[in-house]
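What follows is a set of notes on a single structure, which appears directly below.
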Amino acid sequence: MIRLVLAFVLAASGVWAEVRVDPARSVIRDGWWSLRVELGLSDIVPYRVFTLDQPRRLVLDFEGLDWANIAPDQMLEPGRATGLRFGALRPGWSRMVVDLDAPLAVTQAGMFSSDAGADLTVVLERVSAAEFAAKAGPPPDAGGAGLVSQVPDIAPADDTFVVVLDPGHGGIDPGANRDGVQEAEIMLDLAQEIAAALAQTGIRVELTRDTDNFVPLSARLTTARAAGADLFISLHADALDKDLAQGASVYTLARDGGDRAARRLVERHERGDLLAGVDLEGTEDRVANVLLDMARAKTGPAGQRFASDLVQQMRDRGVRLNARPLRQGRFVVLGAADFPAVLIEAGFLSNAQDRATLSTPQGRGPLVAAVAGAIRALAAQDAP
Ligand SMILES: [Zn+2]
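Right under this line is the structure:
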């Protein structure tokens, strides 16, 4: 569900005209258990949501939303939301602020397209004052968007180049599986082999998982941020019903939804979070991520350059490539704004030759060498 929201909202960025608020579909209502903010919009817009402390308030930022249609008292009902205002934040952006009379944290936030346009729902529930204070603050990666001042750096800058390798799936979510060859397992092997190939190069390698356990997508990005990643590489190998698809490809983040094949691939690789019941956990992180296309303007081109270099290295080393080795898709793990990221589709487990190649260390050797080579080249460029 949450991923759907992300896809919709991201897909909308860049193509908004005047989007209006419909008073008849908009309300802030305090229920017995939760406080709900509902906004009926004429179309999807990029947005983000967070809370601030002292005084406690809920903040929603929108791109391209026109508030001329509505007055605060048309939507604010009496309750723990005690005040409401909205207005321009900077050109193209507006902000809505809801004053909170109690420590209420966001437990759910999502925007969905509807017949009338789009509906945004934000649900807040009571937490302790300490918990509210701990959660409050603008999204950390909003700095590049220029919306928030005094955003602290997440990780201290240093000279060590850090690459975070992200073996797809794991634990309850095995990923693709053909003839006993399991995506989660061989992607972990692949990550460990790449890490070994980078030993003693001065490059720091971190893995988002180093055992067969389940790691939610948002946690993979959190790991990368905490490590101070300079580069993020997610590792997957898909399987299709037919065995026609073959060879490796490298994905970067698509600005739109990507083609149909890419969208189906995203679904297959990201099903794990749904299977494992990760629906609300990490919601705020993802909603925060949604708006950051502007910040991505910096890391996006770097990721694309890395992707083409990587494909060249694969070609040079005889890795069997897909007919279209450079591709784009809307993967959650490619959505971080603070480091370039690519997703390697190492091959297709549904294809007998790919499967045989990927299931042995010898078969994976050229791919490991290509990935390690491309990482070293980028790290060398990055060096002062
Ligand atoms: Zn996968």
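Here this note's numbering runs 2 ahead of the position in the sequence shown, where the first position is 1.
We put the beta carbon where it would ideally sit given N, CA and C, even for glycine.
Being a predicted model, the structure only gives us computed values, none of them experimental.
Per DSSP, what are the beta-bridge partners of residue i in this structure?
i       : result
Val-39  : Ile-30, Val-124
Asn-324 : None; Asn-324 has no bridge partner.
Asp-63  : Arg-50, Arg-97
Arg-329 : Tyr-253
Gln-110 : Val-125
Ser-115 : Ala-120
Gly-337 : DSSP output for Gly-337 lists no bridge partner at all.
Would you mind reading off the limits of the beta strand (DSSP E) that contains residue i?
i       : result
Thr-359 : Not the beta strand (DSSP E): Thr-359 falls in the alpha helix (DSSP H), residues 354-360.
Ala-90  : 83-92
Ala-239 : 233-240
Pro-80  : No beta strand (DSSP E) holds Pro-80; DSSP gives it neither H nor E.
Ala-343 : 343-350
Glu-208 : 206-209
Leu-246 : Counting along the chain, Leu-246 falls outside any beta strand (DSSP E), and DSSP gives it neither H nor E.
What residues in its chain sit with their C-beta under 6 Å from that of residue i, if we drop five residues either side in the sequence?
i       : result
Pro-158 : Interpretation of Pro-158 is limited by its pLDDT of 43, a score under 50 that renders its predicted location unreliable; no figure is taken from the coordinates.
Ala-381 : Phe-163, Ile-205
Asp-287 : Note that Asp-287 has pLDDT 43, beneath the 50 cutoff, so the model's placement of it is unreliable and no number is given.
Glu-283 : Unreliable positioning characterises Glu-283 in this predicted model, as indicated by a pLDDT of 37, which lies under 50. A coordinate reading is not provided.
Gly-279 : Residue confidence for Gly-279 is low, a pLDDT of 48 falling below 50, so the modelled location carries little weight; the figure read from the coordinates is stated next. No residues qualify anywhere along the chain.
Arg-103 : A quick correction: the sequence has Asp, not Arg, at residue 103. Closer than 6 Å at Cβ, skipping near neighbours: Arg-82, Thr-84.
Determine the closest residue to residue i out of the options, with distance taken between C-alpha atoms.
i       : options                            : result
Ala-221 : Ala-338, Glu-133, Gln-202, Leu-106 : Ala-338
Asp-175 : Gln-315, Ala-111, Arg-270, Ala-138 : Arg-270
Trp-35  : Glu-127, Arg-319, Val-268          : Glu-127
Ala-250 : Leu-223, Thr-203, Ser-310, Ala-201 : Ser-310
Ala-379 : Arg-92, Asp-75, Leu-37, Leu-233    : Leu-233
Phe-52  : Val-125, Leu-255, Gln-314          : Val-125
Ser-115 : Leu-54, Ser-44, Glu-79             : Ser-44
Arg-87  : Glu-79, Pro-80, Asp-101, Pro-93    : Asp-101
Arg-27  : Leu-78, Gly-139, Asn-324, Ala-90   : Leu-78
Asp-318 : Arg-266, Ala-376, Arg-211, Ala-120 : Ala-376
Lys-336 : Val-252, Arg-366, Leu-242          : This sequence places Leu at residue 336; Lys is not what is there. Leu-336 has its Cα closest to that of Val-252, out of Val-252, Arg-366, Leu-242.
Ala-120 : Val-165, Ala-198, Pro-48           : Pro-48
Gly-305 : Arg-266, Leu-255, Ala-263, Asn-353 : Leu-255
Arg-211 : Pro-169, Val-183, Ala-247          : Pro-169
Gln-248 : Arg-266, Leu-223, Arg-322, Thr-301 : Arg-322
Phe-134 : Leu-122, Phe-350, Thr-109          : Thr-109
Arg-1   : Leu-209, Leu-67, Val-29, Arg-273   : Beyond the ends of the chain as shown, which are 3 and 386, falls residue 1; an answer cannot be given.
Since residue i is in the alpha helix (DSSP H), which residue starts that stretch and which ends it?
i       : result
Thr-225 : 219-229
Val-373 : 363-384
Leu-192 : 185-199
Glu-133 : 131-137
Given residue i, which residues of its chain have a CB within under 7 Å of its CB, disregarding the five upstream and five downstream residues?
i       : result
Ile-196 : Leu-167, Val-370, Val-373, Ala-374
Ala-131 : Pro-105
Gln-314 : none
Considering only residues of the same chain and omitting the five flanking positions on each side of residue i, which have a CB-CB separation below 8 Å?
i       : result
Asp-214 : Gly-172, Gly-173, Ala-186, Glu-187, Leu-190
Going by the C-beta, is residue i closer than 8 Å to any heavy atom of ligand 3?
i       : result
Glu-208 : In the structure on display, ligand 3 does not appear, and the ligands it does have are ligand 1.
**Request:** May I ask you to verify whether the region 225-240 touches the region 342-355, counting CB pairs closer than 8 Å and requiring at least 3?
**Result:** Judged by Cβ distances under 8 Å, the region 225-240 makes contact with the region 342-355, as three or more pairs qualify.
**Request:** Check whether the region 353-362 touches the region 180-196, counting contact only when three or more Cβ pairs, one atom from each stretch, lie closer than 8 Å.
**Result:** Because the criterion of three Cβ pairs below 8 Å is met, the region 353-362 and the region 180-196 touch.
**Prompt:** So does the region 92-103 actually touch the region 56-73, counting three or more Cβ pairs closer than 8 Å?
**Reply:** The region 92-103 vs the region 56-73: in contact.
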